[in-house]
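To keep things clear, I will list the structure first and then write my remarks on it.
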Amino acid sequence: MVKGRNDRQDAIREIVRGRSIRTQRALVQELEAAGFACTQATVSRDIADMGLRKLPEGVYVLAEDLHLQRMVSELVVDVKRSGNLVIIKAQPGTASGIAAAIDAAELPEAIGSLAGNDTILVVAASPEAGEAFEGHLNKLRNFR
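Residue numbers (my numbering): 29 to 172.
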């Protein structure tokens, strides 16, 4: 099966979200391990197309995740989970903006979100996905 650009970019999203990637060469190696045949020039184009950014620590991050990280680290007060349901407590009046950032990030664990004034309900695909989503949010909360 030939893996195309969209498949490769989906793989890049997964790799960047799951690992600390510091160089294009490291990203090429991860893609090759996942079964993609690509060059550093191809990955460089993908990075530009996808709007990947490098944090001051030198790690690649997706633009939508960077926006989500800023919102979560500044505005989220608490995160709790019960099975596949994740409740996020936020500063008053900020829940809808955070929910929009969660939706825009298109995280594979989150099916959708519902926001009130200071509370967000995120429905995950499964209890395991809920646990992964909770861990991801807590990681973003603690990253400043």
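For glycine and all other residues, C-beta sits at the position ideal for the given N, C-alpha and C.
Assign residue i to one of two classes, buried (16 or more other C-beta atoms within 10 Å of its C-beta) or exposed (fewer than that).
i, result
"residue 59", "buried"
"residue 76", "exposed"
"residue 152", "buried"
"residue 97", "buried"
"residue 106", "exposed"
"residue 48", "exposed"
From residue i to residue j, what does the alpha carbon distance come to, in whole angstroms?
i, j, result
"residue 82", "residue 88", "4 Å"
"residue 15", "residue 99", "Since the first residue shown for the chain is 29 and the last is 172, residue 15 is missing from the structure and cannot be characterised."
"residue 66", "residue 117", "42 Å"
"residue 120", "residue 134", "24 Å"
Between which two residues does the beta strand (DSSP E) carrying residue i extend?
i, result
"residue 149", "147-152"
"residue 168", "No beta strand (DSSP E) holds residue 168; the alpha helix (DSSP H) holding it covers 155-169."
"residue 142", "138-143"
What are the boundary residues of the alpha helix (DSSP H) that residue i is part of?
i, result
"residue 39", "33-46"
"residue 59", "52-61"
Open item on the list: Quick check for students: name the residue ranges of the alpha helix (DSSP H) that lie wholly in the segment 77-124, counting only runs of 4 or more.
Closed with: Taken in chain order, the complete alpha helix (DSSP H) segments of 4 or more residues contained in the segment 77-124 are 91-103.
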